[in-house]
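Accompanying notes for the structure given below.
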Amino acid sequence: MVPLESRIDYYTLASGRQIRVPFDPLLVLSTNLSPAELVDEAFLRRIRYKLELPPPTEEQYREIFRRYCQQRGVRCEEELVDYLLNYHYFELRRDLRACHPRDLIGQCVALAQFGGAELVLTRHLRDEACKTYFIEL
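Quick note on the numbering used here: the sequence shown kicks off at 11 and runs consecutively.
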């Protein structure tokens, strides 16, 4: 913590000589755990800005999904996203997460490439991706 606060660190060379190195850190921490479970209050006081990022709304999830499909060159019909949300989220009471579209589309792309299939999001491909991605612990 001291180098972070002082913005100066020291590198020790093999000869034993120390070199003073200034740096301007930008510390970014991300977790789905409560901060109190990870660090003590003194550590948290040193992190001045804290942001809570709530789960995306359904509309935001759909937009994230659409953008990742576009980015990866995957064709996807809106009714398949409806099915994904209804069957793999709402029915199972699973929370929406902003990382899920990226991860699920990545799974679909990998499965399609492995099987030599066209990059079209089908119900079967999406269900297989969900089966390998969502594992109950």
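Beta carbons: idealized from backbone N, C-alpha and C, even for Gly.
Can you pull the DSSP bridge partners for residue i?
i: D19; result: V31
i: V130; result: R85
Figure out for me which residue from the options has the closest Cα to the Cα of residue i.
i: N96; options: R133, L129 and D19; result: R133
i: P136; options: A108, D105 and F75; result: Note that residue 136 is Arg in the sequence shown here, rather than Pro. If we check each option's Cα against that of R136, F75 comes out closest.
i: P65; options: L23, D92 and R104; result: R104
i: L164; options: R17, V31 and Q123; result: Lying outside 11 to 147, the shown extent of the chain, residue 164 is not represented and no answer is given.
i: Q81; options: V38, F124, G116 and G126; result: G116
i: R77; options: A108, A122 and D19; result: A108
i: I145; options: L102, V38 and P35; result: L102
i: V38; options: E68, Y21 and K60; result: K60
Should residue i and residue j be called a contact, given that it needs their Cβ atoms to be closer than 8 Å?
i: C140; j: L131; result: no
i: D113; j: Y71; result: no
i: R58; j: E15; result: no
i: A122; j: E128; result: yes
Helix, strand or coil, according to DSSP, for residue i in the structure here?
i: R58; result: coil
i: L135; result: helix
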